[in-house]
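Residue numbers (numbering that gives the first Met the number 0), protein chains in the order written: chain A, 0 to 313; chain B, 0 to 206. Think of the CB as a built atom: it goes at the ideal place given N, C-alpha and C, for glycine as much as any other residue. The structure appears below as structure tokens.
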Amino acid sequence: MLIKKPDGVKSSEITPERHYINRREFIRTASLAGIGLTTASFLPEALVGQDRWPRGKKGPYDTDEEVNSFKEITTYNNFYEFGTDKGDPAEYSGRFKPKPWTVRIDGEVKRAATFNLEDLLKPHKLEDRIYRMRCVEGWSMVIPWRGFPLADLIKRVEPTSRAKFVAFETVYRPEEMPGQKSDVLGWPYVEGLRLDEALNPLTILSVGLYGKELPNQNGAPLRLVVPWKYGFKGIKSIVKIRFVEKQPPTTWNLSAPDEYGFYSNVNPDVDHPRWSQKSERRIGEFFKRKTLPFNGYADQVAHLYAGMDLRKYF
Amino acid sequence: MKSVVKPGVFVLALSPLALLAWQGLNGELSANPIDYITDETGTWTLRFLTLTLAITPFRKITGWSVLARFRRMLGLFAFFYGMLHFTTYVYLDKFFSIDEIVADIAKRPFITVGFAALVLMIPLAATSADRIAKWIGGKRWRLLHRLVYLTALGGVIHYLWLVKADQQRPLAYGAILALLLGYRLWNFLKPRLVRLRLRLNGEASPV
Numbered sequence: 000m001l002i003k004k005p006d007g008v009k010s011s012e013i014t015p016e017r018h019y020i021n022r023r024e025f026i027r028t029a030s031l032a033g034i035g036l037t038t039a040s041f042l043p044e045a046l047v048g049q050d051r052w053p054r055g056k057k058g059p060y061d062t063d064e065e066v067n068s069f070k071e072i073t074t075y076n077n078f079y080e081f082g083t084d085k086g087d088p089a090e091y092s093g094r095f096k097p098k099p100w101t102v103r104i105d106g107e108v109k110r111a112a113t114f115n116l117e118d119l120l121k122p123h124k125l126e127d128r129i130y131r132m133r134c135v136e137g138w139s140m141v142i143p144w145r146g147f148p149l150a151d152l153i154k155r156v157e158p159t160s161r162a163k164f165v166a167f168e169t170v171y172r173p174e175e176m177p178g179q180k181s182d183v184l185g186w187p188y189v190e191g192l193r194l195d196e197a198l199n200p201l202t203i204l205s206v207g208l209y210g211k212e213l214p215n216q217n218g219a220p221l222r223l224v225v226p227w228k229y230g231f232k233g234i235k236s237i238v239k240i241r242f243v244e245k246q247p248p249t250t251w252n253l254s255a256p257d258e259y260g261f262y263s264n265v266n267p268d269v270d271h272p273r274w275s276q277k278s279e280r281r282i283g284e285f286f287k288r289k290t291l292p293f294n295g296y297a298d299q300v301a302h303l304y305a306g307m308d309l310r311k312y313f
Numbered sequence: 000m001k002s003v004v005k006p007g008v009f010v011l012a013l014s015p016l017a018l019l020a021w022q023g024l025n026g027e028l029s030a031n032p033i034d035y036i037t038d039e040t041g042t043w044t045l046r047f048l049t050l051t052l053a054i055t056p057f058r059k060i061t062g063w064s065v066l067a068r069f070r071r072m073l074g075l076f077a078f079f080y081g082m083l084h085f086t087t088y089v090y091l092d093k094f095f096s097i098d099e100i101v102a103d104i105a106k107r108p109f110i111t112v113g114f115a116a117l118v119l120m121i122p123l124a125a126t127s128a129d130r131i132a133k134w135i136g137g138k139r140w141r142l143l144h145r146l147v148y149l150t151a152l153g154g155v156i157h158y159l160w161l162v163k164a165d166q167q168r169p170l171a172y173g174a175i176l177a178l179l180l181g182y183r184l185w186n187f188l189k190p191r192l193v194r195l196r197l198r199l200n201g202e203a204s205p206v
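Structure representation (structure tokens):
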């Protein structure tokens, strides 16, 4: 069992699994009532409240916004390794085997090693983090991740003074990940952070969501979550973490350099060349809401980019 | 037989809409129903445009002249799904925010092209009735209705420019469209090339 029982969440507080399915009820009601006037907020609490992770701020980094349902989070996302439609990851990730799993950590570190996932996780206390997730495509969710600060792992492996960036790599298994058989992106998927971004307390490595182990489609067994950046920065199914001196290549940037920058901080003032980033549709809501600078985490991270031209370093 | 086929095609052409409604009632429009409806209606617009443009080449190759009787219906369904697509965008996506819509159409090339493609269909839908076609005159009517080539081209470009990385599907539509338009181009050029060759081989050019 990779996931230890968290502190502070009584088992009575954890939503029974059968209630996750309630999403259907909601949509049916919404359709019947004529889409447009019905949003979650107009429905009786009984209909929407039950299938949700309990709303509310438990830690300093949590948002107290309404959390998306388990079904929404696990059936609608991008993970091109399993296909390019947002239903594909849930549909085609069944053959993927996240166990056993090893992670190679090397580069500019004193304690380079290949870790079994269990050993990698052992010293870390898992915690739940309720974060906003803003996709570069213009939709967003609120997700209760379970994981630990990446900073804790970084301190453990002791980067050298030459380490300026952290590079991540996703596993490459075309036999288990049918999307990797197409050349829609370059494989394996790679991502990167500046070391200070990686050390920010908001940045976590996640091994679960909704109090459960990460489902395959969400990046099992180990993924990155960087809530002030567009979702694609949150690289999934990580097998390599390398500390480097120079800014590492990142997959979407290689695919379309004018559309996806290395930083990819959520920024309503810098449009995607082909669509606006000013607003977003929160999954489950009807009206779009305004997108916030740094996805609402400016207080925690804006200082990392002081003096930088964010239009140039988008 | 005749009396069954046409209503049958009509009902079949409505089935994508019926499916959307059914999925709506059963909560199967994905976690992002508005995007899903937008994608589906857009795709069906492109499919009906392609089908409409396939009628003439297919009829000429197979000699099944009966196919011609379905061309208008399929074309009108392309317009119908195009309007649903646009309505989804205006109502569900932008909620009638005229400022945003105008800015989108002006600023975002894929929306500019898609909007233009839809607008170009309006005169075609408006002049689709037999009496209007007769009033306009067959030759001019046919000329006007060649606008559908631009609409289809615009539709494919609209699709191509909106996808993030996976261009496979828009390119597939592009390939089919190239085939259908290439057939017409060839039919247009062939007699002219033959005439040109005859002229070059036979009598000297009179000019």
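Residue i and residue j closer than 9 Å at C-beta
i: ILE94(A); j: PRO122(A); result: For the sequence presented, residue 94(A) should be read as Arg rather than Ile. Cβ distance not < 9 Å, so ARG94(A) and PRO122(A) don't count as in contact.
i: LEU192(A); j: VAL300(A); result: no
i: PHE231(A); j: ALA166(A); result: no
i: TYR158(B); j: LEU52(B); result: no
i: GLY233(A); j: LEU125(A); result: no
i: ASN294(A); j: ARG133(A); result: yes
i: SER127(B); j: GLY74(B); result: yes
i: VAL189(A); j: THR62(A); result: no
i: GLU175(A); j: LYS96(A); result: yes
i: LEU152(B); j: LEU176(B); result: yes
i: LEU152(A); j: LEU204(A); result: yes
i: LYS5(B); j: MET72(B); result: yes
Endpoints, beta strand (DSSP E) assigned at residue i
i: TYR130(A); result: 126-133
i: ARG103(A); result: 101-106
i: MET140(A); result: 138-148
i: GLU27(B); result: GLU27(B) -> no beta strand (DSSP E), and no H or E assigned at all.
i: THR86(B); result: Unbroken run through THR86(B) is the alpha helix (DSSP H), 70-86; no beta strand (DSSP E).
i: ARG130(B); result: ARG130(B) -> not in any beta strand (DSSP E); alpha helix (DSSP H) instead, spanning 129-135.
i: ASN115(A); result: 112-115
i: VAL206(A); result: 203-208
Simplified DSSP state of residue i, which is helix, strand or coil
i: TRP140(B); result: helix
i: ILE211(B); result: What is shown of chain B runs 0 to 206, which leaves residue 211(B) out entirely.
i: ARG281(A); result: strand
i: SER96(B); result: coil
i: HIS123(A); result: coil
i: GLU65(A); result: coil
i: PHE78(A); result: coil
i: LEU223(A); result: strand
i: PRO190(B); result: helix
i: VAL47(A); result: In this predicted model, VAL47(A) has a pLDDT of only 41, less than 50, meaning its place in the structure is not dependable enough to derive any value.
i: LEU45(B); result: helix
i: THR28(A); result: For THR28(A), the predicted structure reports a pLDDT of 44, less than 50, and the residue's modelled location is therefore unreliable. A value from the coordinates is still provided. Correct three-state label for THR28(A): helix.
i: PRO158(A); result: strand
i: GLU71(A); result: helix
i: PHE242(A); result: strand
i: LEU213(A); result: coil
i: PHE164(A); result: strand
i: VAL89(B); result: helix
i: LEU194(A); result: helix
i: TRP274(A); result: strand
i: ARG22(A); result: Residue confidence is low: ARG22(A) scores 45 on pLDDT, short of 50, so the model does not pin down where it sits. Its coordinate-derived value is still stated next. Three-state result, ARG22(A): helix.
i: ILE60(B); result: helix
i: VAL189(A); result: strand
i: ILE237(A); result: strand
i: LYS228(A); result: strand
Whole-number beta carbon distance between residue j and residue i, since they are thought to touch under 8 Å
i: LYS57(A); j: ASP127(A); result: 7 Å
i: THR55(B); j: HIS84(B); result: The pair is not a contact, with the Cβ atoms about 25 Å apart (cut-off 8 Å).
i: ALA116(B); j: GLY154(B); result: 5 Å
i: TRP274(A); j: GLY137(A); result: 6 Å
i: LEU48(B); j: THR150(B); result: 7 Å
i: TYR79(A); j: GLY146(A); result: 22 Å between Cβ atoms; not a contact.
Endpoints, the alpha helix (DSSP H) within which residue i is located
i: VAL265(A); result: First-last for VAL265(A): undefined, no H or E at that position.
i: LEU184(A); result: No alpha helix (DSSP H) contains LEU184(A), which DSSP labels as neither H nor E.
i: PHE286(A); result: Element bounds for PHE286(A): n/a, residue is neither H nor E.
i: ILE243(B); result: Not covered by the structure: residue 243(B). The range shown for chain B is 0 to 206.
i: GLU175(A); result: From DSSP, GLU175(A) is part of no alpha helix (DSSP H); its letter is neither H nor E.
i: THR150(B); result: 146-161
i: GLN299(A); result: 297-300
Residues that residue i contacts on chain D, provided the C-beta gap is smaller than 9 Å
i: ILE100(B); result: No chain D appears in this structure, whose protein chains are A and B.
Inset, instruction - Could you list the residues in the segment 175-188 of chain A with a C-beta less than 8 Å from some C-beta on chain B, going in chain order? - result: Per Cβ criterion, the list reads SER181, VAL183 and LEU184.
Inset, instruction - May I ask you to list, following chain order, the residues of the segment 102-116 of chain B that have a beta carbon less than 9 Å from some beta carbon of chain A? - result: Residues of the segment 102-116 of chain B with a C-beta less than 9 Å from any C-beta of chain A: ALA102, ASP103, LYS106, ARG107, PRO108, PHE109 and ILE110, listed in chain order.
Inset, instruction - Please list the residues of the segment 134-166 of chain B that have a C-beta atom closer than 9 Å to any C-beta atom in chain A, keeping them in chain order. - result: TRP160, LEU161, VAL162, LYS163, ALA164, ASP165 and GLN166
Legend entry - Within 7 Å of chain B by C-beta, residues of the segment 239-251 of chain A in sequence order: none
Inset, instruction - Please name the residues in the segment 85-117 of chain A whose beta-carbon is closer than 9 Å to at least one beta-carbon of chain B, in chain order. - result: Of all residues in the segment 85-117 of chain A, those with a C-beta nearer than 9 Å to a C-beta of chain B are LYS85 and GLY86, reading in chain order.
Inset, instruction - Mind checking the segment 58-73 of chain A against chain B and listing, in chain order, the residues whose C-beta falls within less than 9 Å of any C-beta there? - result: Listed by position along the chain: ASN67, SER68, LYS70, GLU71 and ILE72.
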